[in-house]
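Report on the following structure.
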Amino acid sequence: MSSEIELQIAPIVQESLMHNSRTFQNLQSLTASLFGVSAGILGLESYSGFLFYIIFSLLTSVLFYIIRVAPTSISSGKKPLDTSRYFLGAVDFWTGGLMNGLAGFILTWTLFYGLVSA
Amino acid sequence: MAPSVFRSPVQLPPAEALELSKQAPAILRSSANTASTSAIGAIFSAPEKPEEWITYENLILSSLRTGDDKAANQCLARLVARFGENNERVMALRGLIKEAEAQNDGELEKILKEYDQILSENDTNIPIAKRRVALLRSMGRLSDAASTLVQLLDFSPTDAEAWSELSDLYLAQGLYPQAIYAEEEVLVLAPNAWNVHARLGELQYMAATASGADGGSYQKHLAEALKRFSRSIELCDDYLRGYYGLKLVTGTILKDSGKPAKLTDEGDFVLPDTKTIERLNELATAKLAEIVRHSTAQDRGWRGYSAAEVAAARELLSEDSSSGIVR
Amino acid sequence: MAQVPVQTIHRDPQLFYWILFPITIVMVLTGILRHYATVLMASAPKKLDQKTMREQRGLVHGINVRGNFHTLSKRSFNARRDALITAYESGAYLKDPENQGQPPPNPLSDPGSMEGMMGMMKNQMAMIIPNTLIMSWINAFFSGYVIMKLPFPLTIKFKSMLQAGVATKDMDPRWMSSISWYFLCIFGLQSVFNFILGNDNAANQMAQQMGQMGPQTAQMFGPGVDPNKQFLAEAENLAVIDHYSVLDNVEDRLLKSIRV
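Protein chains in written order, with full-length UniProt numbering: chain A, 1 to 118; chain B, 1 to 327; chain C, 1 to 260.
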């Protein structure tokens with residue numbers, strides 16, 4: 001109940017929140033496809049390919065945080081790595097991208113792997 | 001902020017509206033004359049943007065304000081070409097232009113008849129219904145306008161714009177409780193609108209200071225006004241109207257603190273203790289001074305205050321320092 | 001364990017030009033076509049008569065009051081609550097008050113609700129028809145070709161899925177036939193559509209299916225729902241609200257949060 005009151009006192013605008021997460025999702029699905037292209041061209045196979053994907057999509061999240069979120073979020077008194085100024089769930093922010101882009105990654109990875117190694 | 005054709009010009013000061021309507025010929029010339037209606041033409045022409053139509057609508061409003069009826073009619077012709085004669089919004093704009101061109105009351109009466117005719121065919125044509133209310137109001141028939149608006153709100157109670165207009169109509173007739181009720185309805189629909197909170201505070205303050213308010217309701221109105229202004233500032237930092245109202249209300253309360261505080265019913269807001277009110281007054285004074293100083297100096301991040309509001313705040317501050325008692 | 005030699009199959013590079021690219025391009029184009037077809041077929045919001053509008057907006061008004069009661073003072077909230085509950089319980093907002101208490105009409109006989117169902121049917125059609133067409137197209141022209149190798153190993157179970165129509169028992173399940181490329185495209189092209197068509201596109205059937213599972217606001221006034229029941233439920237919801245206001249102690253919060 002108390003958190004409900006807090007939300008009513010300091011309201012969160014749903015539209016802005018949706019816009020933020022949608023922008024972030026777009027970035028992630030686009031970069032995931034590009035990572036697929038590079039993994040395919042590099043000829044990565046099985047685990048190394050997935051590892052490549054995980055590392056780079058986490059790197060995207062970190063860069064996004066450092067460049068877009070951190071400057072205003074830290075100056076407004078949030079702790080480092082706390083994304084609650086712009087996004088709802090922290091887990092969603094850091095790992096949601098992995099799921100979002102996976103299908104696109106596999107598609108382009110397969111395509112370019114097939115094209116290059118054929 | 002520079003006037004932009006994408007923002008509604010309803011609240012612009014006259015000079016900026018004039019500047020906007022001067023752009024009308026250039027905009028009309030720069031864009032193609034007719035929106036193509038055939039399917040094949042639509043494929044080859046550039047994709048239309050919603051901004052274009054908003055631009056025309058806003059140009060109509062500002063041209064009418066500055067008396068450029070010709071440009072307004074041209075803009076309307078483009079909108080008709082795109083959306084057809086029977087689009088509700090286009091019908092309302094056409095009515096607006098006719099109202100502006102009307103020379104005497106007889107013509108206005110005729111337009112009113114036309115509106116009635118349209119509404120008898122389609123009783124959910126909300127833009128026309130609103131135009132009818134506005135026309136009644138501009139003809140000075142306030143209570144007719146209010147009752148028409150109440151009818152509209154009966155079948156469409158989720159229209160914040162209409163509630164807000166109703167509140168204004170009641171205020172013009174001096175009916176404070178009704179005006180407050182209508183403004184509260186706006187707040188129910190838009191709970192986080194700080195300007196509506198401040199507006200409600202203003203209404204409460206007016207209701208309190210109007211003659212005829214007895215001790216109990218006086219206290220009640222002032223207490224709620226104080227809280228409303230505080231809330232509007234809480235929602236929007238550095239909100240000039242909020243601080244202005246807060247200073248006025250706390251000043252009034254402190255000045256009249258001799259009056260015995262009546263016990264109020266359960267369910268009303270109670271005034272905080274005198275010390276809190278004093279601190280609020282100090283806060284408001286300091287903030288107002290800060291806003292006036294920064295916006296006069298045109299500091300970065302402090303632009304965008306309306307000049308009239310800043311001037312009013314400065315006047316309030318100087319009044320305060322010359323009388324020098326109320327702190 | 002002996003190292004299993006890596007299977008290599010020599011494929012004609014023309015396979016790419018005549019199978020892979022056609023399938024991919026057709027998938028993208030159908031996605032775009034589907035998007036525009038949905039845009040074109042979207043029927044304009046139906047014109048409501050005054051009574052229906054009153055009924056719907058009356059209910060929305062009640063929901064708004066319930067959701068935003070915290071902006072009102074206790075006295076004004078109570079006044080609104082009492083008025084709304086009385087109106088709801090007496091059926092003042094109903095489209096036709098004499099029907100109160102009767103079961104809702106059969107949604108199939110009401111022409112208004114038929115239209116809503118038609119809209120849903122159209123959406124379903126826009127999804128099903130292109131899919132079946134493309135599936136049969138691929139099956140008719142490209143079945144039996146092995147076109148690519150997946151870059152990651154899979155268990156033998158996937159063999160029947162990926163190599164449908166390729167009757168080779170010993171082939172590594174990593175090799176995939178044209179139909180499995182089609183499935184991969186269905187799942188992976190969302191980002192491409194996002195890029196081409198903008199965000200709220202209707203191109204991807206996955207996204208559409210997700211949307212259909214989500215809560216639907218249109219369902220609130222949909223066919224077969226008894227408005228009187230909704231009003232009574234809303235009256236009950238309003239009655240149980242324990243009122244408080246965001247204006248309580250707002251001045252203390254303000255003094256605490258703002259420093260000059």
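Note that CB positions come from ideal geometry on N, CA and C, so glycine has one too.
What you are looking at is a predicted structure, and each value in this text was computed from that prediction instead of being measured.
Item	Value
DSSP state of serine 46(A) mapped onto helix, strand, coil	helix
Cross-chain neighbours of lysine 227(B) in chain C, by beta carbon under 8 Å	Leu247, Val250 and Glu251
8 Å Cβ cutoff met for residue 122(A) and methionine 148(C)	Outside the shown range of chain A (1 to 118) lies residue 122(A), about which nothing can therefore be said.
CA-to-CA distance, arginine 132(B) to alanine 223(B), given in whole angstroms	37 Å
Chain A within 8 Å of glycine 188(C), Cβ atoms only	yes
Chain-ordered chain C contacts of proline 106(A) [CB-CB under 9 Å]	The amino acid at residue 106(A) is misidentified as proline; the sequence shows isoleucine. Result: Leu150, Pro151, Phe152, Leu184, Phe187 and Gly188.
Proline 215(C) - DSSP class collapsed to helix/strand/coil	Confidence is the limiting factor: at proline 215(C) the pLDDT is only 41, short of 50, which leaves the residue's position unreliable, though a coordinate-based value still follows. In this structure, proline 215(C) counts as coil in the three-state DSSP scheme.
C-beta neighbour in chain F for phenylalanine 16(C), strict 8 Å	No chain F is present in this structure, whose protein chains are A, B and C.
Per-residue DSSP class, three states only, for tryptophan 53(B)	helix
Backbone secondary structure at leucine 18(B) - three-state DSSP	helix
Inside the stretch 219-294 of chain B only - alpha helix (DSSP H) runs reaching at least 4 residues	240-255
Interfacial residues, the stretch 101-134 of chain B to chain C, with Cβ spacing under 7 Å	Asp123 and Thr124
Beta carbon proximity, phenylalanine 77(C) to chain A, threshold 8 Å	no
Residue nearest to asparagine 20(A) in terms of C-alpha spacing, selected from Gly49(A), Tyr47(A) and Phe93(A)	Phe93(A)
Beta carbon proximity, phenylalanine 142(C) to chain A, threshold 8 Å	no
Valine 270(B) at chain C interface by Cβ criterion, 8 Å	no
Rounded straight-line distance, which links the Cα of arginine 85(A) to that of methionine 18(A)	13 Å
CB contact flag (leucine 153(B), leucine 171(B), <8 Å)	no
Pairwise C-alpha distance: leucine 59(A) and arginine 22(A)	19 Å
Option nearest leucine 51(A) by Cα separation, candidates Leu111(A), Phe105(A) and Ser117(A)	Phe105(A)
Aspartate 170(C) to serine 46(A) span [Cα, whole Å]	20 Å
Selection of the stretch 33-59 of chain A by Cβ proximity to chain C, strictly under 9 Å	Ser33, Gly36, Ala39, Gly40, Gly43, Leu44, Glu45, Ser46, Tyr47, Gly49 and Phe50
Residues, ordered as in the chain, of the stretch 37-64 of chain C that lie near chain B by beta-carbon distance below 8 Å	Lys47, Leu48, Asp49, Gln50, Lys51, Met53, Arg54, Arg57, Gly58, Val60, His61 and Asn64
CB of leucine 189(B) within 8 Å of CB of asparagine 237(C), strictly	no
Where the beta strand (DSSP E) containing isoleucine 9(C) begins and where it ends	It is not in any beta strand (DSSP E) - isoleucine 9(C) carries neither H nor E in the DSSP assignment.
Whole-angstrom distance between tryptophan 53(B) and asparagine 194(C), CA atom to CA atom	26 Å
Proximity test, Cβ basis, 8 Å: glutamine 216(C) and chain A	Model confidence at glutamine 216(C) stands at a pLDDT of 42, short of 50, so the residue's coordinates are unreliable; what they give is reported in the following sentence. With 8 Å as the cut-off, glutamine 216(C) does not count as an interface residue toward chain A.
Alpha-carbon spacing of tyrosine 145(C) relative to serine 177(C), whole angstroms	6 Å
Segment contact flag, the stretch 292-307 of chain B with the stretch 267-278 of chain B, C-beta cutoff 8 Å, min 3 pairs	no
Beta-ladder partner(s) of tryptophan 175(C), from DSSP	Lys149(C)
Chain-ordered chain C contacts of asparagine 26(A) [CB-CB under 9 Å]	Ser191, Asn194, Phe195 and Asn199
Closer than 8 Å to chain C by CB, serine 217(B)	no
Counted within 10 angstroms of its Cβ, other Cβ atoms place glutamate 99(B) as buried (16 or more) or exposed	buried
Minimum Cβ-Cβ distance from leucine 33(C) to chain B less than 8 Å	no
Min CB distance residue 124(A) to chain C below 8 Å	Shown here, chain A extends from 1 to 118; a query on residue 124(A) therefore has no answer.
Buried versus exposed call for aspartate 159(B) [16 or more other C-beta atoms within 10 Å across all chains shown]	buried
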